Amino acid sequence: MRKVLVGFLCCLVFAGCASQEAAKKSEPVASSATTAPAAPEAKQAPAIVESAPATPAPAPTAVAPKAEAPAQAVETPAQPVVSDSGNKAAPAALQEELQKIYFAFDSAELTQESRDALSKNADYLKNNTAVKIRIEGNCDERGSDEYNLALGERRAKAAKDYLETLGIPSDRLATISYGEERPADPGHNEEAWTKNRRDEFVIIK
Amino acid sequence: MKTWILILLLCLAPQVVLAPPKTFADDQPYLEVTAPANRKLQLLVAPPTILSGAAAPEVAKELADLFSFDLNLAGTFALAPAGTRPDNADLVLSTAYSASVSGLTVECRLFDRALNRELTAKRFTGTLKDLRRIGHAFSDEVLRAVTGLRGPFTGKIAYVVKSGRGKEIYLMDYDGRNPQRITNNGSININPDFAPSGREIIYTSYKKGNPDLFRRELFTGLEARISARSGLNATAAYAPDGNRIALTLTKDGNSEIYVINKEGRELARLTHNAAIDVSPAWSPDGRRIVFNSDRLGKPQLFVMDADGTNVRRLTTSGNYNVTPRWAPKGDRIAYARQESGGFQIYAINSDGTGDTQLTTAGSNEHPRWSPDGRFIVFSSTRDGGSALYIMRADGTGQTRVSPGKGGDSHPCWSAPW
Amino acid sequence: MKPLRMRKNSYPGPGGMLACSFLLHVALLAIVVTFRLYPEAHPLAEETYYVDMVSLPVASPAKGTPAPTATTQQPAAPQAAPEPPRPAPQSPAPAKAAPPASRPSMTYPTAKTKPTTSKQKQVQSDETAPTGAEAKAFQDRMAKLERQAEDRRQADVLARLRKGTGGKKGAPTGSGTQAGSDYAAYIHSRLKDAFVDTIASQTKSPQVTVRLVIGPDGRIAQYKVENSSGDKMFEDAVDRAVHVAERSFRKPPGGTPFEQGFVFRPQGVGLK
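Residue numbers (this note's numbering), protein chains in the order written: chain A, 25 to 229; chain B, 40 to 456; chain C, 200 to 471.
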């Protein structure tokens, strides 16, 4: 009895193997193990007969590339919408009173220096209750520009949160991130990078 | 007894039915035929001939140069030097043209010498302005005929050009010809991405103040602002189905990845994390998203299911890995890693194995795959200003394609036009 | 001894059980032998067939390499085949040299049973000369084979001259009764020559299995791709090789169609 069972199992195992083999093959071959080659299948044998040299007849497919080109519709220079990080309405003198703050590389943490500067900015905002500002987060050029968009946003947010803890209502504080798109110093050295990792505080009203 | 017969039959049936297909006579084993593998197909670009009318040497030269450039870049062939006898090539690409003021006709053929037959032939008609497009279209066709996968050479590349204090979106042929300005608003326009059809782009622009997401039809110039949520609407990526867009929004106070539809309606928020989450990119089947997050301290790449679940870390080496892009075949993810002195482009298997550095010269960023997955286009500073380059997926054949002197970045390669 | 009480009706008794068991075993053995269902992962890779270059029936091939050895860049002349310095002809042939000497003709079954060690030695000898007694035995054997091959060659040439077909260099010389092996080796070498000039691929380890039927006219009557790793460039390269090779095919001996399967792959790939 055991032998039968073992035989059965063996059969199953081999059956399994066989089916695997069969699955691998894309087209099963006529399994003529010993017979001489049968009549060749007509459907096979692509171009085995000496194919006639390609005739110089016109090409079989004719494709006319579509002539359409992208609409030249280039935007006419829009109104210079983007604030040039300064607002002409706000007197330069007032703007000057708002201090920038700076950050370490890949960091949005406020240093003690930054906190001091933010305290002064908060004092200014308390004395000028009509003023609304936009906090602009910026980064240096070294990081990834995509990542820096988020990092700039986080830097702006860090300053906003701190100003709020100092009592400035959040509706007077807008934020925007320019990532690394608006360097204060176009240089490519540590000095420029230090200046560029910053928050600017722009009076918008 | 019946039972036993049944069992016997059961045992034998699979053997009979599934008789192994590789059966052969005992005295006929398969013979093995091998040859050294380091051989490339020899392709001869024959000098274009005149179909009718007058000779136009500049047309002939432009066509021959274009085919040589495209097919050399493909890496599939060894181009036979000009003047090679056709007998010494596997494939002969022959062209005949007739050019006049009124129109241009180009007949292109790819002849296989060993098989002694044409693999493909096409006849194009157009105007002289279409010359390069015709050439690229046949280059695409040559790759299709030889490899089974169409070439990407008729695709366009959208990219960002620095312009004064702003940045504008441009469009060019894949080889840097015909640069065309798409935006002209003096503001910052960044992160262009093509719809799968290649006929639309989405991009982020500050032109209305806030970094909002715009969708623009390239042929009509029609444009819509599809996401103007407070804060960032940036690093947007079209899903392969062309209906969804993954992007970074900061409307909820922190940069998170969301999915919106083409019209801008929010479909889902995928990340919930105090860290930065940016630069989502879809897998070709649309089921997963790779993105960049600094949730573990430094920017690294993570993969999640398209519903935001199942997040796992992809990159484990390097301190600063960004801007991932999934290959069209789905196996590889290209990204940029910051190292001393700038960025280099790497590619890694989507399961986190096989991390490979592809660039070394200068600083190289913004890798994007060609729609067929053969190439990666990227921006590099190796020659001074930032310019666009193309390389094969394995990092070979790095070639500059930027038309400008510098300030080109953020390329994106469209499907064939 | 009553394992299946429930089915006592159908239990065939110990004798029947034994018969069943025996039948099953025989059937199984038959299946295994017939279909070569040995539990090997890659039987094709293991069964690679090698022929000593010196034992090839092709006297002076019209072009290219005559034999399916591991290296294709070998010069065509059989004398230049494996490199060990020619030993003194009269050195005593050890027992190891016996099998090849007693080999009747280059038929496949014989060739297939050739120990794989011989193949390894051959490969090895391409780079460094074998050392020790083994090497000596090998060299002796080679010398003997070469002598035999030389004799056979001369006999062939003479026979051809007598028949007036001396111009057909490289033609197979088998008669109808011994069709197959010589002709197979001949076709094989033609394919190999052609494949060197057509190989191209776009994947790392492509493989294509084809079955050729060569009609009595020496043309390919059937070209069937039985299996492919899916590399179109490689499939096309095989197609090219077959078509190029076909131009130099002779008619199969005996006027009967000749059928043979071939596995194409890049050198060094898929072999262990």
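Built from N, CA and C at the ideal position, the CB exists for glycine as well.
As the structure is a prediction and not an experimental result, all values here were calculated from the model.
Original post:
Under the DSSP definition of a beta bridge, which residues are partnered with W452 (chain B)?
Top reply: The sequence position of residue 452 (chain B) within the second sequence is 413, counting from 1. Answer is B:I196, bridged to W452 (chain B).
**OP:** Determine which residues of the segment 116–129 of chain A have a Cβ less than 9 Å from any Cβ of chain B, and write them out in chain order.
**Re:** none
Subject >> Interface residues of chain C facing A153 (chain B) [CB-CB closer than 7 Å] >> reply: Mapped onto the second sequence, residue 153 (chain B) falls at position 114. Neighbours of A153 (chain B) on chain C, chain order: T397, R439, H442 and V443.
Original post:
If you check the beta carbons only, do A386 (chain B) and R407 (chain B) fall under 7 Å apart?
Top reply: Numbered from 1 along the second sequence, position 347 holds the residue referred to as residue 386 (chain B). Numbered from 1 along the second sequence, position 368 holds the residue referred to as residue 407 (chain B). Not closer than 7 Å, so no.
Subject >> 7 Å Cβ cutoff met for H405 (chain B) and S418 (chain B) >> reply: Residue mapping note: residue 405 (chain B) aligns to position 366 of the second sequence, counting from 1. Residue mapping note: residue 418 (chain B) aligns to position 379 of the second sequence, counting from 1. Their beta carbons are under 7 Å apart, which means H405 (chain B) touches S418 (chain B) by this criterion.
Original post:
Taking a cut of 9 Å between CB atoms, which residues from the segment 449–462 of chain C lie near chain B?
Top reply: E458, Q459, G460, F461 and V462
Subject >> Sequence-distant residues of its chain with Cβ nearer than 6 Å to F461 (chain C) (five each side left out) >> reply: Reading the third sequence from its first residue, position 262 is the one you call residue 461 (chain C). Closer than 6 Å at the Cβ level, and outside the excluded window around F461 (chain C), lie V409.
Subject >> Cβ pair I208 (chain B), N228 (chain B) closer than 7 Å >> reply: Within the second sequence, numbered from 1, the residue matching residue 208 (chain B) stands at position 169. Within the second sequence, numbered from 1, the residue matching residue 228 (chain B) stands at position 189. In this structure, N228 (chain B) lies closer than 7 Å to I208 (chain B) by Cβ.
Original post:
Given K219 (chain A), which residues of its chain have a CB within under 7 Å of its CB, disregarding the five upstream and five downstream residues?
Top reply: Translated into positions along the first sequence, residue 219 (chain A) becomes position 195. Same-chain partners within the cutoff: A208 and D209.
**OP:** Tell me, please, whether the CB atom of L197 (chain A) is closer than 7 Å to any CB atom in chain B?
**Re:** Translated into positions along the first sequence, residue 197 (chain A) becomes position 173. Not one chain B Cβ lies under 7 Å of L197 (chain A).
**OP:** Check distances from the C-beta atoms of the segment 164–192 of chain B to those of chain C and list, in chain order, the residues that come in under 8 Å.
**Re:** V185, T186 and G187
Original post:
According to DSSP, is L83 (chain B) helix, strand or coil?
Top reply: For the purposes of this step, residue 83 (chain B) is identified with residue 44 of the second sequence, where counting begins at 1. Three-state result, L83 (chain B): strand.
**OP:** Kindly list, in the order they appear in chain B, the residues whose Cβ is closer than 7 Å to that of H224 (chain C).
**Re:** For the purposes of this step, residue 224 (chain C) is taken as residue 25 along the third sequence, with counting starting at 1. Correct list: empty, because the minimum Cβ distance to chain B is about 11 Å.
**OP:** Return the CA-CA distance between V437 (chain C) and A444 (chain C), expressed in angstroms with no decimal places.
**Re:** Position 238 of the third sequence, counted from the first residue, corresponds to residue 437 (chain C). Position 245 of the third sequence, counted from the first residue, corresponds to residue 444 (chain C). Using only the alpha carbons, I get a separation of about 10 Å.
Subject >> Selection from B:N403, B:S402 and B:W365 that minimises the alpha carbon distance to G391 (chain B) >> reply: Taking the second sequence and counting its residues from 1, one reaches residue 391 (chain B) at position 352. Looking at the Cα atoms, B:W365 is the closest of the given residues.
**OP:** Could you please tell me which residues of the segment 181–194 of chain A, in chain order, have their CB closer than 9 Å to any CB of chain B?
**Re:** K181
Original post:
What are the boundary residues of the beta strand (DSSP E) that includes P406 (chain B)?
Top reply: Working through the second sequence from its first residue, we reach residue 406 (chain B) at position 367. That run of the beta strand (DSSP E) goes N403 to W408.
**OP:** Could you work out which residue in B:A94, B:N155, B:V185 and B:L158 is closest to T144 (chain B) when comparing CA atoms only?
**Re:** To locate residue 144 (chain B), count along the second sequence from 1; it is residue 105. Among B:A94, B:N155, B:V185 and B:L158, the Cα nearest to that of T144 (chain B) is on B:A94.
**OP:** Quick one: using the 10 Å Cβ neighbour count with 16 as the cut-off for buried, is P68 (chain B) buried or exposed?
**Re:** Along the second sequence, read from residue 1 onward, the residue named residue 68 (chain B) stands at position 29. Buried.
Original post:
With DSSP run on the structure shown, which of helix, strand or coil describes I372 (chain B)?
Top reply: Residue 372 (chain B) sits at position 333 when you count from the first residue of the second sequence. Correct three-state label for I372 (chain B): strand.
Subject >> Per-residue DSSP class, three states only, for N230 (chain B) >> reply: The residue you call residue 230 (chain B) lines up with position 191 of the second sequence. The answer is strand: DSSP assigns N230 (chain B) an E or B state.
Original post:
If you measure from the beta carbon of I315 (chain B) to each beta carbon in chain A, is any gap under 7 Å?
Top reply: Locating residue 315 (chain B) in the second sequence gives position 276, counting from the first residue. By this cut-off, I315 (chain B) is an interface position.
**OP:** Determine which residues share a DSSP beta bridge with T218 (chain A) and list them.
**Re:** Within the first sequence, residue 218 (chain A) is the residue found at index 194, counting from 1. In DSSP, T218 (chain A) forms no bridge with anything.
Original post:
How do the segment 127–136 of chain B and the segment 144–157 of chain B stand: do at least 3 beta-carbon pairs fall below 8 Å, yes or no?
Top reply: yes
**OP:** Please specify which runs of the beta strand (DSSP E), each continuous and at least 3 residues long, are wholly inside the segment 105–151 of chain B, giving them in chain order.
**Re:** 116–118, 130–138 and 143–151
Subject >> Span of the beta strand (DSSP E), counted from its first residue to its last, around N426 (chain C) >> reply: Indexing the third sequence from 1 puts residue 426 (chain C) at position 227. Run containing N426 (chain C): I419 to S427, per the beta strand (DSSP E) assignment.
Original post:
Which first and last residues belong to the alpha helix (DSSP H) in which Y148 (chain A) is found?
Top reply: By 1-based counting over the first sequence, the position of residue 148 (chain A) is 124. Residues Q136 to N151.
**OP:** Check whether the Cβ of V173 (chain A) lies closer than 7 Å to any Cβ atom in chain B.
**Re:** Taking the first sequence and counting its residues from 1, one reaches residue 173 (chain A) at position 149. Note on identity: in this sequence residue 173 (chain A) is Leu, with Val being the wrong assignment. L173 (chain A) counts as touching chain B.
Subject >> Whole-angstrom distance between L149 (chain A) and R140 (chain A), CA atom to CA atom >> reply: Your numbering for residue 140 (chain A) matches position 116 in the first sequence. Your numbering for residue 149 (chain A) matches position 125 in the first sequence. Sequence inspection shows Asp at residue 140 (chain A); the Arg mentioned does not correspond to that position. Roughly 14 Å separates the two Cα atoms.
**OP:** At 4 residues or longer, and completely inside the segment 244–301 of chain B: list those alpha helix (DSSP H) runs for me, N to C.
**Re:** none
Original post:
Going along the chain, which residues of its own chain have a beta-carbon closer than 7 Å to the beta-carbon of N230 (chain B), five neighbours each way excluded?
Top reply: Residue mapping note: residue 230 (chain B) aligns to position 191 of the second sequence, counting from 1. Taken in chain order, the residues that qualify are Y242, T243, A273, T274, A275 and H449.
Original post:
Under the three-state reduction of DSSP, which class applies to N224 (chain B): helix, strand or coil?
Top reply: In the second sequence, residue 224 (chain B) corresponds to position 185, counting from 1. In the structure shown, N224 (chain B) sits in coil (DSSP, three-state: anything other than H, G, I, E or B).
Original post:
Can you tell me whether DSSP reads G412 (chain B) as helix, strand or coil?
Top reply: Counted from its first residue, the second sequence places residue 412 (chain B) at position 373. It is coil, neither helix nor strand.
**OP:** Sort A:R222, A:D195 and A:E205 by Cα distance to K229 (chain A) and report the nearest one.
**Re:** On the first sequence, residue 229 (chain A) is found 205 positions in, with the first residue counted as 1. Closest option to K229 (chain A), Cα to Cα, is A:D195.
Original post:
Just reading off the beta strand (DSSP E) that L306 (chain B) is part of, what are its end residues?
Top reply: The sequence position of residue 306 (chain B) within the second sequence is 267, counting from 1. Note, L306 (chain B): beta strand (DSSP E), E305 to R308.
Original post:
Can you list, in chain order, the residues of its chain whose CB lies under 8 Å from that of Q68 (chain A), leaving out five sequence neighbours each side?
Top reply: Along the first sequence, one-based indexing puts residue 68 (chain A) at 44. Low per-residue confidence applies at Q68 (chain A): pLDDT is 31, beneath 50, and the placement is therefore not dependable, though the value from the model is reported in the following sentence. Excluding residues within five positions, none has a Cβ falling inside 8 Å.
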